[in-house]
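For the sequence shown, the numbering used here gives the first residue as 19, with consecutive numbering after it.
Here's the structure, in structure tokens; my notes come after.
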Amino acid sequence: MTAELSKAPTRPERCPECGYDTHNRRIPPPPSLFHWRITAPALVVLAALLALAWMFLRNWQTSTTGSGTAQALVIEPSFTLDDIGRIADSRQMNSGLAATLQRALAEQASALARYPGDPVLTTGFVEGRGMRRDTLMYGWPTGWVTRISYSLYDDAVARTGPRPMRTWTPQDNTGGVILPNEPVAANSSLDDSGLVMPRPRWSWGTYGGGYLAYRPTPEETGGTAYWLDINTYGVVAVVGLIVLGWALLRIAIWAINVVRDRSKPRLRSGLVSLFGALAVAAVIAWMTIETCQRTDTFIAPRRTGTFVRTGATGGYYAQRGMEHSSLRASALPSLAASPDGDRVAAQAILGALKDQPAPAHYLAIALNAESIMHNGSGRFWRAVPVLSWHSTQYIRRSDIGSPDLMANPPGVRWDFQNAYLRRTVSSGDPAQAESGFSINLGSVGLIVLGTWVLWLLARLICRGITQLIMRCRRRRNQCIACGHALGPPVAA
Ligand SMILES: [Zn+2]
19 MTAELSKAPT RPERCPECGY DTHNRRIPPP PSLFHWRITA PALVVLAALL
69 ALAWMFLRNW QTSTTGSGTA QALVIEPSFT LDDIGRIADS RQMNSGLAAT
119 LQRALAEQAS ALARYPGDPV LTTGFVEGRG MRRDTLMYGW PTGWVTRISY
169 SLYDDAVART GPRPMRTWTP QDNTGGVILP NEPVAANSSL DDSGLVMPRP
219 RWSWGTYGGG YLAYRPTPEE TGGTAYWLDI NTYGVVAVVG LIVLGWALLR
269 IAIWAINVVR DRSKPRLRSG LVSLFGALAV AAVIAWMTIE TCQRTDTFIA
319 PRRTGTFVRT GATGGYYAQR GMEHSSLRAS ALPSLAASPD GDRVAAQAIL
369 GALKDQPAPA HYLAIALNAE SIMHNGSGRF WRAVPVLSWH STQYIRRSDI
419 GSPDLMANPP GVRWDFQNAY LRRTVSSGDP AQAESGFSIN LGSVGLIVLG
469 TWVLWLLARL ICRGITQLIM RCRRRRNQCI ACGHALGPPV AA
């Protein structure tokens, strides 16, 4: 009798209150959009975003922006003073000089796009003895991995007479140099001595968000200084951008389903969003391959020169032995296409020479913006670089022309560089500063990823609480969906 009673259907097939199948043990969907299982995770995310916005507003920092200085680099394939002389005299046709200049300067030219005026080609001849720097940067929109190897040569351009580096030992300490008590920082500079200060094999750097620095000794890498930086921030940012693509598609499909006629079948968001995320990943992978920067550059042996200050905040660095030529960036493409271009370029390079270098010296070039920043200021968020505001005036470099204020053409400009999407508005009036803002796409990815993880955690906790409530309701013989009493409580 008792056994029969406990087996007897003491509860109906369906809950009379909400109609939920009483034998279904799965978690029922939330009955409305405003149910706590939906609102609680949403409120957690909202609170986190508000906290972030509050921190944003509290942690602004104002800076005065300086101007960059173009570093002179030896171009490859290389040209000696003798080569340039031959090309200028038209004794060497099709030397490829103008095309090499244009290719070598394309990247520098895009970095100078924000400065008003026409950049000037600065040239000089430098000796080959020195350090060679081979850089490989991988990743988009910010670099994930940067690999640099430094090596010393008697002639770094021809790669002859290698001078292996070695780790510094106390016996090398001559002339009363102060001994380091502990390994020096990962990015301590290298010099021409060939001695590398002891540095930790692995260390954590915080510049630009955080990176893992790997520094094996030169003895392990065949006499070169090998630097490997893994930008954890860049990797996290990429995952964040993929999640952003996935989330935006899910939201779009959800919105379409809400708006659409109820009689039509609902769109399934799972597969479509997955493809969306894969598409974002493919774009990032493609851009990474496209923008993989391999530079084989040779640092001019000694960087000597003077800093020329103009106004309160700006200035430029004038490198000794480097002179402004008559060539401007705007002329380079037509020069590379012209049959006479090599000769014209060579004559301009010879025309810029002030003192006569040795004939074996190599051509070094730099592209310098005609203008430099003047009375600039930037306002950026200190903790993570997400948003920044800038306001700048420009002035012509005094070694290029009369130091007048300069302005970009009036209008709105967008540019994308080093993960920063930048918008600038210029009035075209040199007396007025141009201003705008920039967004760091990498940081956007980071924030999206953080928000998504928080949302997942909040949902997981809500699910746990729901399961506890359901277990409790089952024990009390209540409908698991709405808690309506279905009959007397079942004995445990
Ligand atoms: Zn119910």
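Positions of the beta carbon are idealized from the N, C-alpha and C atoms, including for glycine.
The structure displayed is predicted, hence computed values, not measured ones.
Have a look at residue i and residue j and give me their C-alpha separation to the nearest angstrom.
i, j, result
"PHE293", "LEU475", "24 Å"
"ALA499", "LEU472", "26 Å"
"TYR380", "ILE105", "14 Å"
"LEU213", "ILE418", "39 Å"
"ALA116", "PHE74", "48 Å"
"CYS497", "PRO506", "12 Å"
"LEU439", "LEU459", "7 Å"
"TYR38", "VAL276", "23 Å"
"ALA71", "PHE398", "13 Å"
"ARG181", "TYR251", "36 Å"
"ASN249", "ALA69", "26 Å"
"PRO495", "LEU478", "In the sequence as presented, Pro is not what sits at residue 495; that position holds Asn. Looking at the two C-alpha atoms, the distance is approximately 25 Å."
"PHE143", "ARG151", "18 Å"
"SER113", "THR141", "18 Å"
"VAL256", "TRP470", "14 Å"
"ALA370", "SER343", "5 Å"
"PRO319", "GLU145", "Any reading at PRO319 must be qualified, since the residue scores a pLDDT of 49, below 50, and its modelled position is unreliable; no value is offered."
"ALA66", "TRP272", "23 Å"
"LEU296", "GLY258", "13 Å"
"ASN393", "THR410", "6 Å"
"ALA21", "HIS41", "With a pLDDT of only 45 at ALA21, under 50, the local geometry of the prediction cannot be trusted, and no value is derived from it."
"CYS33", "ARG43", "13 Å"
"ALA58", "PHE52", "9 Å"
"LEU230", "THR160", "15 Å"
"LEU353", "GLY429", "30 Å"
"ILE260", "ARG327", "45 Å"
"ALA425", "ALA176", "43 Å"
"ILE528", "GLY157", "As displayed, the chain neither begins before 19 nor continues past 510, which places residue 528 out of reach and without an answer."
"SER348", "VAL298", "35 Å"
"SER445", "SER50", "52 Å"
"PRO357", "MET111", "9 Å"
"THR164", "ARG492", "58 Å"
"TRP407", "GLN450", "16 Å"
Let's see if you can read the secondary structure: which residues bound the beta strand (DSSP E) around residue i?
i, result
"VAL144", "138 to 144"
"VAL163", "163 to 173"
"ASN275", "No beta strand (DSSP E) contains ASN275, which is instead part of the alpha helix (DSSP H) from 250 to 277."
"ILE383", "380 to 386"
"GLN450", "Segment: none, GLN450 is in no beta strand (DSSP E) and carries neither H nor E."
"GLY429", "429 to 435"
"GLY148", "148 to 156"
"TRP222", "220 to 223"
"VAL443", "438 to 444"
On a Cα-Cα basis, can you pick out the residue from the options that is closest to residue i?
i, options, result
"TYR133", "TYR412, GLY501, THR442, ALA300", "TYR412"
"ASN386", "THR469, ARG346, ARG32", "ARG346"
"ILE45", "ARG493, GLY505, ILE483, LEU504", "ILE483"
"ALA243", "ALA124, LEU208, GLY446", "LEU208"
"SER211", "ALA376, LEU170, LYS372", "LEU170"
"MET149", "GLY157, THR164, TRP158, TYR168", "TYR168"
"ALA127", "GLY394, ALA384, GLN450", "ALA384"
"SER96", "LEU130, ASP173, ARG165, VAL261", "ASP173"
"THR153", "ARG493, GLY288, TRP245", "TRP245"
"LEU405", "ALA66, ASN77, ARG492, VAL63", "ASN77"
"GLY240", "LEU230, MET183, THR98", "MET183"
"ILE274", "ALA265, TRP264, LEU262, SER287", "SER287"
"ILE93", "ALA425, GLU125, VAL63, GLU31", "GLU125"
"ASP101", "ASP447, PRO427, ARG481, ASP360", "ASP360"
"PRO403", "GLN79, TRP54, VAL290", "GLN79"
"ALA60", "SER356, SER352, CYS480", "CYS480"
"LEU368", "GLY339, ALA349, ASP136, LEU267", "GLY339"
"ILE390", "VAL290, LEU423, THR98", "LEU423"
"ALA336", "ALA90, GLY468, GLY454", "ALA90"
"THR178", "TRP162, ARG147, LEU504", "ARG147"
Following the continuous alpha helix (DSSP H) through residue i, name the residue where it begins and the one where it ends.
i, result
"ARG489", "459 to 493"
"SER113", "Unbroken run through SER113: none, as it is neither H nor E."
"ASP100", "99 to 106"
"ALA355", "350 to 355"
"THR57", "54 to 76"
"LEU51", "First-last for LEU51: undefined, no H or E at that position."
Mind checking if residue i is an interface residue toward chain D, Cβ cutoff 8 Å exclusive?
i, result
"PRO180", "As a matter of chain content, chain D is missing from the structure shown, which is built from one protein chain."
Would the beta-carbon of residue i be found less than 7 Å away from any heavy atom of ligand 2?
i, result
"SER348", "By its list of ligands, the structure shown excludes ligand 2, since it contains just ligand 1."
- [ ] Using the beta-carbon of each residue, find all residues closer than 6 Å to any heavy atom of ligand 1 and list them in chain order.
- [x] Listed along the chain, these residues meet the criterion: CYS33, GLU35, CYS36, TYR38, CYS497, ALA499, CYS500, HIS502.
Task: Given 8 Å, three or more beta-carbon pairs between the segment 484 to 501 and the segment 280 to 287 - done: no
Task: Three CB pairs or more closer than 8 Å across the segment 461 to 468 and the segment 181 to 192 - done: no
Open item on the list: Can you confirm whether the segment 422 to 437 touches the segment 230 to 244 when touching is taken to mean that 3 or more C-beta pairs between the two stretches lie within less than 8 Å?
Closed with: no
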